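**Student:** Chains A, B and C supply the protein sequences, listed in that same order.
Whatever position you read off the first sequence (first residue = 1), add 1 for my numbering.
Whatever position you read off the second sequence (first residue = 1), add 4 for my numbering.
Whatever position you read off the third sequence (first residue = 1), add 143 for my numbering.
Sharing a structure below in structure tokens format, with a few things to ask.
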Amino acid sequence: MTNLEPTKPLPDSEEMEISFGPQHPATHGVLRVMVKLDGERIVDARPVIGYLHRGTEKIFERETYNGAIPHTDRMDYTAAATNNQGLVGAVERIMGVTVPPRAAYIRMILAELQRIASHTIWLGTHALDIGAQSPFFYTFQEREKILDLYEEYCGARLTLNAMRVGGLPYDLTDGWTGRCRAFVDQFPARIAEWERLLTANRIWKLRTVGVGVISAESAIEWGLTGPPLRGSGVKWDIRKVFPYDHYNEVEFEIPIGTSGDTYDRYLVRMEEMRQSVRIVQQCLAKLPDGPVMAKVPKVIKPPKGEVYFSVEGPKGELGYYVVSDGGASPYRLHVRPSCFINLQALPEMVRGQLVADLIAVIGTLDIVLGEIDR
Amino acid sequence: MTEQSNVPPQAPAQPPEGAAPKPPWEEKPVTPVPRDARDHTVVREITGALPDAVLEAVEFAGQVTVTVAPARIVEVCRACKERLGYAFLVDLTAVDWPERTQGRFDVVYWMHRFSDSQRLRLKVVVADGVELPSVTGVWKVANWMEREVFDMFGIYFADHPNLERILTWEGFNGHPLRKDFPIEGVDTGAAVYPDVYPPGGGPVAGGEGES
Amino acid sequence: MANPWVAYLLVPLVKIAVILGVVIMLAAYLSFFERKILAYMQIRIGPNRVGPRGWLQPIADALKLFVKEDIVPSRAEKLVYLLGPVLVTAPALVVFSVIPFGTSFTLFGAEVTPYLADVNIGILFILGVSSVGVYGVILGGWASNNKFSLMGGLRSAAQLVSYEVPMGLSVVTVLLMANSLSLVKIVEAQKAAGIWYAVPGFVAFFIYFVCGVAETNRNPFDLPEAESELVAGFHTEYSGMKFAFYFLAEYANMVVISSIATVLFLGGWLPIFPNWLAGFWASPAFAWIPPVLWNAGWFLVKTFAFLFVYIWFRGTFPRYRFDQLMALGWKVFIPVSLVNLMAVGLGVLLVGGPR
């Protein structure tokens, strides 16, 4: 049975098992890790989750399809737009709805801004855990600008509820595109500032190069997606392989790393922010006119059947498996949570490393407990 | 045509003569139709590798679902991974159909192949109380996925390295995603903490106990 | 001959009062400057509510710590638990007794020296006394009856002891150049040489300052007390006034390192190029400043420069992992400071003896 007693020496060994969390400044939420230590080396690290389990999948079975969208916001609460995009995309797929191009482009802009916002949280907190206290403030300053854009669009900063099945609930406000363009045009200079502080810094490299290494084969075996998979050298992005929402009409690169360590994942995410800027600039330039909502019935009743649809969230592949029985509520709506699957590989990544590296690896996996526990 | 593009699989209905064709978002949506997929290339690969493993095959909205027998699931998965190249298990979950007589649960395996970006769904019908072999020996990622299915549905997996509850807490009473589990929750007070709550009492039932 | 009661009792008491008062106020206000400077580096403002623009913040903090509940862990070793903060703060303050702030000046017709004692083994005294601070760290960690505090204390102690070696070796290079252990004579030697020792001894200067950062457990060497690490620091179980003492000791140590660096490497109270620009410094633009303020002013400016660099480090660098920290101390700093010692020794011989 689970041994959850904090800190007891294991019989017949020099090892000690420590409980790290669930209340701890560096666990990014209510995560508990049972760490088996041999002196300073980690022998095993077992994540214990479920402290934030709210029964979201059960709640989905009670809501209508559009009513389920706010619940998706609260899963990965740092990246609400991509959560929304996944759910509405899945329902549109099962109903055969085509979204008007203006709505699709605006969705892409919202999702890419969300990717930048999520990566700014990642960078701030990751750097803070490793000891650099200043980047946290710089990155959150930029995130505030994105949240202001969201607030102007849909009234909410964090839990957006910004999409509906068939399109979007509102069109953009006056001047929104101008403000968005102003933000993305000045953003690459900010990324350059943060890189100047960290990328070539000897101490940063000492703390991240060679830490939390996972090979490409292991990454695929453990089901990693997103920057952890790309950092190990696998060129894999849902936006390129299964394009949704006109991603096949914009040009962007997929950054990949080589060695699968924390430093490579850091570089991958920094470059992803730049590519997101590129996507947003192209979308703003190409934004067509037209309606933002397709012709969908008032009450969404998809046909009987099942469909899986995934989006490339900032943390990895976020998938929605919709099973419909023809009614107005989903019969079963399962979320394939990227962070949950990524966290499973934590023991693999920290075995044999030192205790201080555990913090770095938890930061580099970029976990959000809302998505892990749902 | 890629699997998940937003273009519906069929062309919209022909507009009346003389009128300009309306764009697809202004027409009624064209719902996908399930089709038998025994002749689909993906399914033929499986029947080629394991001739009588496929019980049923359906294609809906561009995604292929193959139903296999529970006893053979590990064999089929291993064949898919090693011989057909589905190296990546994307998702493993279950669906509860309580009225179905031949088997209450559908356990669903959704896997991916990198070479041609092909995805395949395997489905297994399991009755309540029947143990299903675990596929953690085939894909390591299935470990937590199967734990979650056990926690939420009560489906036991044989040969699983550590089949414990993962999202609910130890001593939790019941399996939340079953259709007969009420959405308000059940009384877990007396069942888990008998010395604190009287029998039948607990935080949900409104019984007395320590606050 | 002055009255011995005045010369040996009253005057030193007054000096002690002045020095302690200034140092403690400086350490307290250093915490305020740190918060403000860090805040401006992090594009925010810092404390600005208490008093005019926040200047009474340290007073508020001191009062708060004073009236906070004093929680003692039930199975802590009481006497040693009380002794821990004392053993850390006392050496930090005692070191100031030998640091000179200027040359002697006349006050009310008597000759006054702006330092408490000119011990002819000044440097040795400083190194010895500051090493006593390590006891406070270990005992504080052990007496808390908390295995994480103990681990933190041991780590911290290991770090302090390791970085004392290159620090000592850098100090020895200065001694080679100055030919004396007395701090006053070291400054006077820099005046005679006409150049601050930071120029010929720049390697020693750099090593001394970085090891000083490690000695005070400051970023980037602050792993033992970082809150996001698994192992808590040695001062976890302390609250109220005892925690205030540890806090004070850390800032006082920062001031100590900065003052010693000023004296050894930046010429103490001397202006830049004291001989070469002697005419400029004696010009009427500066002649109205009384010498004691002139000397103390230069001393303070240089010390503040070091303190600013301390704070700048904290706002900029990630922290070293403990094994990397120890590797840096033993495998990089000690060899470099040894080689530097030999080089400076050779240089001194070639230039024709110390000056």
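By construction, the Cβ of each residue, glycine as well, lies at the ideal position given by its N, Cα and C atoms.
Since this is a predicted model, take the numbers as computed values, not measurements.
Would you check if the stretch 107-123 of chain B and the stretch 74-89 of chain B touch, i.e. whether three or more CB-CB distances between them fall below 8 angstroms?
**Tutor:** Because the criterion of three Cβ pairs below 8 angstroms is met, the stretch 74-89 of chain B and the stretch 107-123 of chain B touch.
**Student:** Does residue 95/A come within less than 8 angstroms of chain B when only Cβ atoms are used?
**Tutor:** Chain B contact via Cβ: present.
**Student:** Based on the DSSP output, what are the partners of residue 294/C in its beta bridges?
**Tutor:** The partner list for residue 294/C (beta bridge, DSSP) is empty, contrary to what the question assumes.
**Student:** Under the rule that 16 or more other beta-carbon atoms within 10 Å means buried, what is residue 274/A, buried or exposed?
**Tutor:** So residue 274/A ends up on the buried side.
**Student:** Who are the neighbours of residue 147/B on chain A, taking C-beta pairs under 7 angstroms?
**Tutor:** Correct list: 345.
**Student:** Check residue 3/B in the structure and name its three-state DSSP category.
**Tutor:** The shown model of chain B, from 5 to 215, leaves out residue 3/B, and the question about it has no answer.
**Student:** Give every residue of the same chain whose Cβ lies closer than 7 angstroms to the Cβ of residue 188/C, excluding the five residues on either side of it in the sequence, and list them in chain order.
**Tutor:** Result list for residue 188/C: 182, in chain order.
**Student:** Look up residue 178/B in the DSSP assignment and say whether it is helix, strand or coil.
**Tutor:** If DSSP states are grouped into helix, strand and coil, residue 178/B belongs with coil.
**Student:** Would DSSP call residue 513/C helix, strand or coil?
**Tutor:** Residue 513/C lies beyond the residue range present for chain C, which begins at 144 and ends at 498; the question has no answer from this structure.
**Student:** Do you know how far the Cα of residue 82/B is from the Cα of residue 47/B?
**Tutor:** Going by the C-alpha atoms only, they are around 15 angstroms apart.
**Student:** Mind checking whether residue 372/A and residue 77/A have CB atoms under 8 angstroms apart?
**Tutor:** Contact flag set, yes.
**Student:** What did DSSP end up calling residue 406/C once you bin it into helix, strand or coil?
**Tutor:** Residue state, collapsed to three classes: helix.
**Student:** To test your reading of the DSSP string, which unbroken beta strand (DSSP E) runs of 3 or more residues are found completely within the stretch 234-317 of chain A?
**Tutor:** Runs of the beta strand (DSSP E) inside the stretch 234-317 of chain A: 306-314.
**Student:** Examine chain A for any beta-carbon lying closer than 8 angstroms to the beta-carbon of residue 92/B, and answer yes or no.
**Tutor:** It does: the Cβ of residue 92/B has a partner Cβ on chain A nearer than 8 angstroms.
**Student:** Tell whether a beta-carbon distance below 8 angstroms holds between residue 134/A and residue 186/C.
**Tutor:** No, they are not a contact pair.
**Student:** Look up residue 180/A in the DSSP assignment and say whether it is helix, strand or coil.
**Tutor:** Looking at residue 180/A - three-state DSSP - the assignment turns out to be helix.
**Student:** Buried or exposed: where does residue 168/C fall if 16 or more other Cβ atoms within 10 Å of its Cβ makes it buried?
**Tutor:** Exposed is the call here.
**Student:** For residue 277/A, which residues in the same chain have their Cβ closer than 6 angstroms to its Cβ, ignoring the five residues on either side in sequence?
**Tutor:** Counting only Cβ-Cβ distances below 6 angstroms, and skipping sequence neighbours, we find 113, 116 and 117.
**Student:** Provide the residue span of the beta strand (DSSP E) that contains residue 218/B, from first to last.
**Tutor:** Here chain B has residues from 5 to 215 only, and residue 218/B is not among them.
**Student:** Is the shortest distance between the beta-carbon of residue 205/C and the beta-carbons of chain A less than 8 angstroms?
**Tutor:** Residue 205/C does not count as touching chain A.
**Student:** Quick check: the stretch 406-424 of chain C against the stretch 359-366 of chain C, are there 3 or more CB pairs under 8 angstroms?
**Tutor:** Segments in contact, no.
**Student:** Taking only beta-carbon atoms, is residue 25/B less than 8 angstroms away from chain A?
**Tutor:** Chain A contact via Cβ: absent.
**Student:** So with CB distances below 8 angstroms, who are the chain A contacts of residue 459/C?
**Tutor:** Here the neighbours are 133, 135 and 198.
**Student:** Using the Cβ count rule (16 or more neighbours within 10 Å means buried), how would you classify residue 100/B?
**Tutor:** It is buried - the Cβ of residue 100/B has at least 16 other Cβ atoms within 10 Å.
**Student:** Measuring CA to CA, which of 191/C, 314/C, 452/C and 439/C is closest to residue 247/C?
**Tutor:** Of 191/C, 314/C, 452/C and 439/C, the residue nearest in Cα terms is 439/C.
**Student:** Residues of the stretch 459-492 of chain C with a CB closer than 8 angstroms to any CB of chain A: list them in chain order, please.
**Tutor:** Cβ contacts with chain A: 459, 460, 461, 462, 463, 464, 465, 466 and 467.
**Student:** Taking residue 198/B as the query, report the chain A residues whose CB atoms sit under 7 angstroms from its CB, ordered along the chain.
**Tutor:** Here the premise fails: no neighbours, minimum Cβ distance about 18 angstroms.
**Student:** Name the two residues that bound the continuous beta strand (DSSP E) containing residue 67/B.
**Tutor:** Looking at the DSSP string, the run of the beta strand (DSSP E) that includes residue 67/B is 67-72.
**Student:** What does the alpha-carbon distance come out to for the pair residue 258/C and residue 321/C?
**Tutor:** Taking the straight line joining both Cα atoms gives about 19 angstroms.
**Student:** Are any of the Cβ atoms in chain B nearer than 8 angstroms to that of residue 125/A?
**Tutor:** Answer no: the Cβ-Cβ gap between residue 125/A and chain B never drops below 8 angstroms.
**Student:** Quick check: the stretch 341-357 of chain A against the stretch 202-214 of chain A, are at least 3 beta-carbon pairs closer than 8 angstroms?
**Tutor:** Yes, they touch.
**Student:** Just mark residue 209/C as buried or exposed, buried being the case when its beta carbon has 16 or more other beta carbons within 10 Å.
**Tutor:** Under this definition residue 209/C is an exposed residue.
**Student:** Under the assumption that residue 80/B contacts residue 72/B (Cβ atoms under 8 angstroms), give the Cβ distance between them as a whole number of angstroms.
**Tutor:** About 5 angstroms; that satisfies the 8 angstroms criterion.
**Student:** What's the call for residue 12/B, buried or exposed, on a 16-neighbour Cβ count within 10 Å?
**Tutor:** Caution is warranted here: a pLDDT of 44 is assigned to residue 12/B, below 50, making its placement in the model unreliable, and no coordinate value can be reported.
**Student:** Taking the DSSP output, what are the residues bridged to residue 162/B?
**Tutor:** Bridge partners of residue 162/B: 137/B.
**Student:** Could you give the residue range of the alpha helix (DSSP H) that holds residue 380/C?
**Tutor:** Careful: residue 380/C lies outside any alpha helix (DSSP H) and carries neither H nor E.
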